[in-house]
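As you go down the protein sequences, you meet chains A and B in turn. The first sequence begins at 1 in our numbering and counts up by one. The second sequence begins at 1001 in our numbering and counts up by one. Glycine included, C-beta positions come from ideal geometry on N, C-alpha and C. Note that the coordinates shown come from a computational prediction; the quantities given were computed from them, not determined experimentally. Inspection log for the structure reproduced underneath, given as structure tokens.
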Amino acid sequence: MSSLEIIATVLGGLTIGSALMVVLSPHPVRSVLYLILTFFLISGNYILMNAQFIAVVNIIVYAGAIMVLFLFVLMLLNLSKDNEPKSSIKMKIAATFAGGALLTVLIAALKDSVILPKTEMLENQQGMVENLGQLLFTKYVLPFEMSSILFIAAMVGAVLLAKREKQIIE
Amino acid sequence: MDTGLLIEKTILVVVIFAITLFIATYQTYMERKVAAWLQDRVGPDRAGPFGILQPIADAGKMFFKEDFIPANADKWLFIMGPGIAMFTASMTGAVIPWGPPLEMFGRTVVLQVADINIGILFIMGFASIGVYGIMIGGWASNNKFSLFAAIRASSQMISYELAMGVSIITLVLMSGSLSLGEIVHQQHGMNWNIFYQPVAFVVFFICSIAECNRAPFDLAECESELIGGYHTEYGSMKLGFFLFAEYVNLFISSAVIAALFFGGYNFPGMDHFSGNTLAILGTAAFFAKIIFFIFVIMWIRWTLPRFRYDQLMHLGWKKLIPIAMINLLITAVVIGFNSGWFTKKSAKVKQTEKSVAMMPKAKVDAQANYKINFNN
Chain A
1 MSSLEIIATV
11 LGGLTIGSAL
21 MVVLSPHPVR
31 SVLYLILTFF
41 LISGNYILMN
51 AQFIAVVNII
61 VYAGAIMVLF
71 LFVLMLLNLS
81 KDNEPKSSIK
91 MKIAATFAGG
101 ALLTVLIAAL
111 KDSVILPKTE
121 MLENQQGMVE
131 NLGQLLFTKY
141 VLPFEMSSIL
151 FIAAMVGAVL
161 LAKREKQIIE
Chain B
1001 MDTGLLIEKT
1011 ILVVVIFAIT
1021 LFIATYQTYM
1031 ERKVAAWLQD
1041 RVGPDRAGPF
1051 GILQPIADAG
1061 KMFFKEDFIP
1071 ANADKWLFIM
1081 GPGIAMFTAS
1091 MTGAVIPWGP
1101 PLEMFGRTVV
1111 LQVADINIGI
1121 LFIMGFASIG
1131 VYGIMIGGWA
1141 SNNKFSLFAA
1151 IRASSQMISY
1161 ELAMGVSIIT
1171 LVLMSGSLSL
1181 GEIVHQQHGM
1191 NWNIFYQPVA
1201 FVVFFICSIA
1211 ECNRAPFDLA
1221 ECESELIGGY
1231 HTEYGSMKLG
1241 FFLFAEYVNL
1251 FISSAVIAAL
1261 FFGGYNFPGM
1271 DHFSGNTLAI
1281 LGTAAFFAKI
1291 IFFIFVIMWI
1301 RWTLPRFRYD
1311 QLMHLGWKKL
1321 IPIAMINLLI
1331 TAVVIGFNSG
1341 WFTKKSAKVK
1351 QTEKSVAMMP
1361 KAKVDAQANY
1371 KINFNN
């Protein structure tokens, strides 16, 4: 095995291991910390594929902003085994279906992907910011704009919710 | 892989790390002297001449104190907190170009550990995860005040990161590159970004003080409300690491400010020098700029009173973000206008010419030089 293959295997194993720990860890705050570690390891995988831009954006957006808010909320909740909220059986069934649907979509998307030989991974220029920008604003411009509309909708919704709460307090 | 390159980079990493630690140590001394000067006092003067050995005495004291972990603390996370703070603080130095290339033993040594093509985003990334040290440390202490500080720190970081990011985007639009090496190289001579983007500089400067958790934004360790903030329960060298990480952050942010807006290693009249003389003078100029910004930030700390928390949020969300956004919009329109996007002729102009037309003339030349130098 070449050194690149060894690195890829170890990194992949660590990623899966830490992703499993997110689910298996009994303490919610530790779960979130494992999730942050998972994001870092995924970024490591991106770098191995020479996709530096995606790797760093993954860290800025997920590890740097979203997970900080996750941790923020969990730290305030003060969860422990005694007062852990019990989810009803209906919730569990719904969650299983939602997760299964996501898995199906992911597998469907992965089915058509091409697996590059490991030696070619480092020469791959697709993850470079210039090439990514070209692709996003030409070939994938519609999905790109659609997702920005979704984000704006979510932001407006968040502002509305925050506003209403304030009026009740006053 | 080229063994010479490996050795060269290893030495560079060790040297930069050593310099970072040395400067961070002496910043504690500088801070006390600056504070003393601003308050018309003498400051530390017992250890060695002018108290120059004071930081070493402090570090020795930190090491010999009792290493205490509170009974109800989460032991591993309690230890991890200062470690993360220190790690994230010292990582950013890897992408900063410290000087023009040095000629040594028949090879050209680039004084930058890694010129990755997303250098600026790398800095943003490590700035945004820097808060985990404070959050994890504050939460693991199992103390209400520490938790408050952790929450304050995290919401402050997230708020100021936005304005910081937008002001950086303005700069990226101007230079047409995300690589720090190239951005610095384009500011050849006196062609510094501060003259093109003063508004972005002000926003970036305020945000980087806030990201460093320095006064007047040090709400996370606000002693009049929160005892010691996130490090209330810490003692010994773990506390030392938290305090030290703050100074490393201060050094690195000064370096980033100097590199992005004040030309990094470029100085007026640099064309009269070449080779190693230029490299040494350039590095000296860069460090002079860094020390100047460290001084300015200390000056601000000992002059302005601390913000109230709602004022902090108000400044971040309602002032800095709109200012940065408007600045971004104006810059984009001007660049678009310069490259002829609003005239009918533009349809015929090719893509490459467009991107070149965006920049001022001097910048274009500098960029061309940079590409030639680094492709050879």
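Per DSSP, the continuous beta strand (DSSP E) segment holding B:Gly1099 begins and ends at 1099-1104. Look at B:Val1109 here: in three-state DSSP terms it is strand.
Interface criterion met: the Cβ of A:Ala63 is under 8 Å from a Cβ in chain B. Comparing C-alpha distances from B:Ala1163 to each of B:Thr1343, B:Lys1318, B:Gly1336, B:Asn1338 shows the shortest one belongs to B:Lys1318. At the C-beta level, B:Phe1145 and B:Ile1252 stay beyond 8 Å of one another.
When B:Ile1129, B:Val1172, B:Ile1158, B:Glu1161 are compared, the shortest CA-CA separation from B:Ile1120 is found for B:Val1172.
Around the beta carbon of B:Phe1337, a 10 Å sphere encloses fewer than 16 other beta carbons of the protein chains shown; the residue is thus reported as exposed.
If the five residues before and after A:Phe39 are omitted, its C-beta is found closer than 8 Å to the C-beta atoms of Asn58, Ile59, Tyr62, Ala63, Met67, all from its own chain and listed in chain order.
Put simply, the CB of A:Leu106 is far from chain B, with every gap to its CB atoms at 8 Å or more.
Positions of the alpha helix (DSSP H) runs, each at least 4 residues long and wholly inside the segment 1102-1170 of chain B, are given as 1119-1129, 1131-1140 in order along the chain.
Close partners of B:Ala1150 in chain A (Cβ separation under 7 Å): Met75. For B:Asp1002, the secondary structure class from DSSP, reduced to helix, strand or coil, is coil.
In the displayed model, B:His1231 falls within a helix according to three-state DSSP. Counting along the chain, B:Glu1066 sits inside no alpha helix (DSSP H), nor does DSSP assign it H or E at all. By the C-beta criterion, the segment 1126-1136 of chain B is judged not to be in contact with the segment 1280-1293 of chain B, since fewer than 3 inter-stretch pairs fall below 8 Å. Taking 8 Å as the cut-off between beta carbons, the residues of the segment 47-61 of chain A near chain B are Gln52, Phe53, Val56, Val57, Ile59, Ile60, in sequence order. The three-state secondary structure of B:Trp1076, taken from DSSP, is helix. With a threshold of 8 Å between beta carbons, B:Asn1117 makes contact with chain A. Of all C-beta pairs linking the segment 1135-1149 of chain B to the segment 1228-1248 of chain B, three or more are shorter than 8 Å, placing the two stretches in contact.
For B:Met1325, the secondary structure class from DSSP, reduced to helix, strand or coil, is helix.
At a Cβ-Cβ threshold of 8 Å, B:Ile1084 and B:Gly1133 count as neighbours. With a threshold of 8 Å between beta carbons, A:Val23 makes no contact with chain B. In this chain, the alpha helix (DSSP H) harbouring A:Pro28 covers 28-48.
Under a criterion of Cβ atoms nearer than 8 Å, no residue of chain A is adjacent to B:Leu1171; the nearest Cβ is some 15 Å distant. When C-beta distances to chain A are compared with 7 Å, the residues of the segment 1118-1129 of chain B below that value are Ile1118, Leu1121, Phe1122, Met1124, Gly1125, Ser1128, Ile1129, in chain order. Closer than 8 Å to the CB of A:Val29 there is at least one CB belonging to chain B. The Cβ atoms of B:Val1131 and B:Met1157 lie closer than 8 Å to each other. If you compare the alpha carbons of B:Val1034, B:Asn1143, B:Phe1017, B:Gln1112 with that of A:Met75, the shortest gap goes to B:Asn1143. For B:Tyr1309, the uninterrupted alpha helix (DSSP H) segment begins and ends at 1309-1314. Within chain B, Asn1117 have C-beta atoms less than 8 Å from the C-beta of A:Met128, given in sequence order. The three-state secondary structure of B:Phe1017, taken from DSSP, is helix. At a beta-carbon threshold of 9 Å, the residues of chain A lying near B:Val1131 are Gly64, Val68, ordered along the chain. Distance from the Cα of B:Pro1322 is smallest, within the candidate group B:Thr1028, B:Val1199, B:Ile1096, B:Phe1292, for B:Val1199.
Rounded to the nearest angstrom, the gap between the Cα atoms of B:Arg1032 and B:Leu1006 is 40 Å. For B:Ala1279, the closest C-alpha among the options B:Val1256, B:Tyr1247, B:Val1110 is that of B:Val1110.
If the five residues before and after B:Pro1101 are omitted, its C-beta is found closer than 6 Å to the C-beta atoms of Thr1108, Val1110, all from its own chain and listed in chain order.
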